Amino acid sequence: MANNESLDNVVLELRRGVIVLAVLSQLNGEQYGYSLLKLLSDQGLEVDQGTLYPLLRRLETQGLLESVWKLEEARPRRYYVISAEGKKLLPKLKKEWAGIVSTMEKMLA
Amino acid sequence: MKLIDRYIAEVGKRLSLVKGRADIEKELRSTLEDMLEDRAQKAGKSADEAREIELLKEYGTPDQVAATYDPHPYLIGPRMYPFFIKILQIVFFAIAIAFAVTTGIEIVTQAPTLAGREFVRAIGHGLGGIISAAVAAFGNIVLIFAILERVVPNKEFKLDDEKEWDPASLMKEPEPTEVKPWEAILSIVFIFIALSIFNFNSQILGIYTFADDQWISVPVLSDAFFRWLPLMNIAWVAEIILYGLLLRSGRWDLPTRLVSIGIKIFQVVIAYLLFIGPSIFAVTTESLSLGGHLDPEAVKILGAIAQHGSPILMGFIIFVTIIDIIKTVYKLITQRSNS
Numbered sequence: 014m015a016n017n018e019s020l021d022n023v024v025l026e027l028r029r030g031v032i033v034l035a036v037l038s039q040l041n042g043e044q045y046g047y048s049l050l051k052l053l054s055d056q057g058l059e060v061d062q063g064t065l066y067p068l069l070r071r072l073e074t075q076g077l078l079e080s081v082w083k084l085e086e087a088r089p090r091r092y093y094v095i096s097a098e099g100k101k102l103l104p105k106l107k108k109e110w111a112g113i114v115s116t117m118e119k120m121l122a
Numbered sequence: 073m074k075l076i077d078r079y080i081a082e083v084g085k086r087l088s089l090v091k092g093r094a095d096i097e098k099e100l101r102s103t104l105e106d107m108l109e110d111r112a113q114k115a116g117k118s119a120d121e122a123r124e125i126e127l128l129k130e131y132g133t134p135d136q137v138a139a140t141y142d143p144h145p146y147l148i149g150p151r152m153y154p155f156f157i158k159i160l161q162i163v164f165f166a167i168a169i170a171f172a173v174t175t176g177i178e179i180v181t182q183a184p185t186l187a188g189r190e191f192v193r194a195i196g197h198g199l200g201g202i203i204s205a206a207v208a209a210f211g212n213i214v215l216i217f218a219i220l221e222r223v224v225p226n227k228e229f230k231l232d233d234e235k236e237w238d239p240a241s242l243m244k245e246p247e248p249t250e251v252k253p254w255e256a257i258l259s260i261v262f263i264f265i266a267l268s269i270f271n272f273n274s275q276i277l278g279i280y281t282f283a284d285d286q287w288i289s290v291p292v293l294s295d296a297f298f299r300w301l302p303l304m305n306i307a308w309v310a311e312i313i314l315y316g317l318l319l320r321s322g323r324w325d326l327p328t329r330l331v332s333i334g335i336k337i338f339q340v341v342i343a344y345l346l347f348i349g350p351s352i353f354a355v356t357t358e359s360l361s362l363g364g365h366l367d368p369e370a371v372k373i374l375g376a377i378a379q380h381g382s383p384i385l386m387g388f389i390i391f392v393t394i395i396d397i398i399k400t401v402y403k404l405i406t407q408r409s410n411s
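Protein chains in written order, with my numbering: chain X, 14 to 122; chain R, 73 to 411.
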């Protein structure tokens, strides 16, 4: 039981580390929160909505995302898209990620 | 949608201190409605109340949801914590010193009557004072830091390990803007001693005479002094915070110089109020003569000093503080023109 809990916590930490990169990589086009959640889920990354929405707000505050409210299907939705600053940062993050993957593959081989 | 409305209202209640509450509520509503519609479509059924209940149960309690949006899920965060601990250590040290001094004075002045139980009682009284002052100081410091945590922007307050450190700085000559840690600590300690004595142990401020196997004390300060004590406390607490900030940054800069000037101007105002008011000294020729233990000549001199000394002392304090303000303004101007 304790082992499972530890495993869950470590997996959660690992996922948390990649969510920013995953979100930025998927926001080249406009997405609202729920559509982004589904987009990530369809690609195999399950993100809790309680993690995603505050993260979107934080990334917007940091200037990496931009958002706009649009009225669609009689329902207002907040659409997020990567900002110019986010676009500058993304390749660097990707490079960093590739380096981490390469290092970890060597370590775990 | 009644349940979703109520759910959002409950989450909103818990976000009253969070910036952008209306925006969060609007987005939460949009998300929940999207999710509900999506689930209903997949199940080929309508979005009824049972489905709402199921969705909200999965989404989490209003407390859990609100907590994810709280940018400060702690009272004092990691940025402020090391500074908080440093200030706490200094303040506790100052309290211990202040009470050691005041208890020492109390024991010495009452020594002939203090024996056995009374002596232990005096020590116990001192220790009790330390504990209650420490608890009160702890509460005040936590409150100040909890406010700072929420009002000081992150970029203004970085962790020590986020700052670039150059080992070569160890070889540098001290700069005029540099603040020596011991100076700041000493200032904080003395201010706490002043706060402690004037607020909690003002009875020790007296002229003592020993006669008939006991100490007789005549209070030195009048009500005219204690009337303005709350203002003095504000100035002292502001100075403690200022020295705490200087201790952390290690140097004077524009905001700290301006705060320092502001505090000094405030002190001049207090001194002026004391200057134009009645004498701050309670000592009079009559009160000194009451016990009949003091030399009549000494009574005459002390009475005269007490009678005329108050405006002279206040005038002197105003003069010195204004000179100090001019010096600080001069430093501010020269440092800004050099930089």
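The beta-carbon is built from N, C-alpha and C at its ideal position, and this holds for glycine as well. In this text, all values refer to a predicted model and were calculated from it rather than measured experimentally.
Item: Gly46(X) at chain R interface by Cβ criterion, 8 Å; Value: yes
Item: 9 Å Cβ cut-off: residues of chain X touching Gln161(R); Value: By Cβ distance, chain X contributes nothing, its closest Cβ being about 33 Å from Gln161(R), past 9 Å.
Item: Local Cβ density within 10 Å of Phe391(R), reported as buried at 16 or more and exposed below that; Value: exposed
Item: Option nearest Ala119(R) by Cα separation, candidates Gly132(R), Leu104(R), Lys372(R) and Gln161(R); Value: Leu104(R)
Item: Leu121(X) beta carbon less than 8 Å from that of Ser96(X); Value: no
Item: As assigned by DSSP and simplified to three states, the class of Ser259(R); Value: helix
Item: Interface residues of the stretch 52 to 66 of chain X facing chain B [CB-CB below 8 Å]; Value: The chain labelled as chain B is not found among the protein chains of the depicted structure, namely X and R.
Item: Cβ-based contacts, 9 Å cut-off: residues of the stretch 130 to 160 of chain R near chain X; Value: Tyr131, Gly132, Gln136, Val137, Ala139, Thr140, Tyr141, Asp142 and Pro143
Item: Against chain R: residues of the stretch 76 to 88 of chain X by CB proximity under 7 Å; Value: Arg88
Item: From Val207(R), Ile216(R), Ile263(R) and Leu345(R), residue whose alpha carbon lies closest to that of Gly149(R); Value: Ile216(R)
Item: Cβ-Cβ distance between Leu346(R) and Phe297(R) below 8 Å; Value: yes
Item: For Ile279(R), the nearest candidate out of Lys336(R), Leu374(R) and Glu250(R) (CA to CA); Value: Leu374(R)
Item: Beta-carbon proximity check, Ser259(R) vs Tyr315(R), cutoff 8 Å; Value: yes
Item: Nonlocal neighbours in the same chain, by C-beta distance under 8 Å from Tyr92(X), ignoring five residues either side; Value: Glu43, Gln44, Tyr45, Ser80, Val81, Trp82 and Lys83
Item: Proximity below 8 Å, CB of Ser274(R) to CB of Pro350(R); Value: no
Item: 8 Å CB neighbourhood of Ile335(R) in its chain, flanking five on each side removed; Value: Ala307, Ala310, Glu311 and Leu314
Item: Rounded distance between the beta-carbons of Tyr146(R) and Val137(R), thought under 8 Å; Value: Between Tyr146(R) and Val137(R) the Cβ distance is about 18 Å, and since that is not below 8 Å, they are no contact.
Item: Reference Val25(R); option with closest CA among Asp77(R), Thr174(R) and Val223(R); Value: A query on residue 25(R) cannot be resolved here, the shown segment of chain R reaching from 73 to 411 and no further.
Item: Per-residue burial, Met169(X) [other beta carbons within 10 Å of its own, 16 or more giving buried]; Value: Residue 169(X) lies beyond the stretch modelled for chain X, which goes from 14 to 122, so this question has no answer here.
Item: Interface partners of Arg90(X) on chain R, CB under 8 Å; Value: Ser102 and Asp106
Item: Residue from Asp135(R), Thr174(R) and Arg123(R) with nearest C-alpha to Asp106(R); Value: Arg123(R)
Item: The alpha helix (DSSP H) enclosing Glu250(R), as first and last residue numbers; Value: Glu250(R) -> no alpha helix (DSSP H), and no H or E assigned at all.
Item: Cross-chain neighbours of Glu56(R) in chain X, by beta carbon under 7 Å; Value: An answer regarding residue 56(R) cannot be provided, because it is not within the stretch 73 to 411 covered by chain R.
Item: Whole-angstrom distance between Gly112(X) and Thr406(R), CA atom to CA atom; Value: 50 Å
Item: DSSP three-state assignment for Gln39(X), whether helix, strand or coil; Value: helix
Item: Whether Phe264(R) touches Val173(R) by CB criterion (8 Å); Value: no
Item: Secondary structure, alpha helix (DSSP H): runs of 4+ residues fully inside the stretch 263 to 323 of chain R; Value: 295 to 299 and 301 to 321
Item: Among Val33(X), Leu20(X) and Gly57(X), the one whose alpha carbon lies nearest that of Leu102(X); Value: Val33(X)
Item: Euclidean distance between Cα positions of Lys59(R) and Arg323(R); Value: Outside the displayed span of chain R (73 to 411) sits residue 59(R), for which this structure offers no information.
Item: Assumed close pair Leu343(R), Ile395(R) - CB separation to whole angstroms, cut-off 8 Å; Value: A small correction: the amino acid at residue 343(R) is Ala; Leu does not occupy that position in the sequence shown. About 13 Å; that fails the 8 Å criterion.
Item: Cross-strand partners of Tyr45(X) (DSSP beta bridge); Value: Tyr92(X)
Item: Counted within 10 angstroms of its Cβ, other Cβ atoms place Leu199(R) as buried (16 or more) or exposed; Value: exposed
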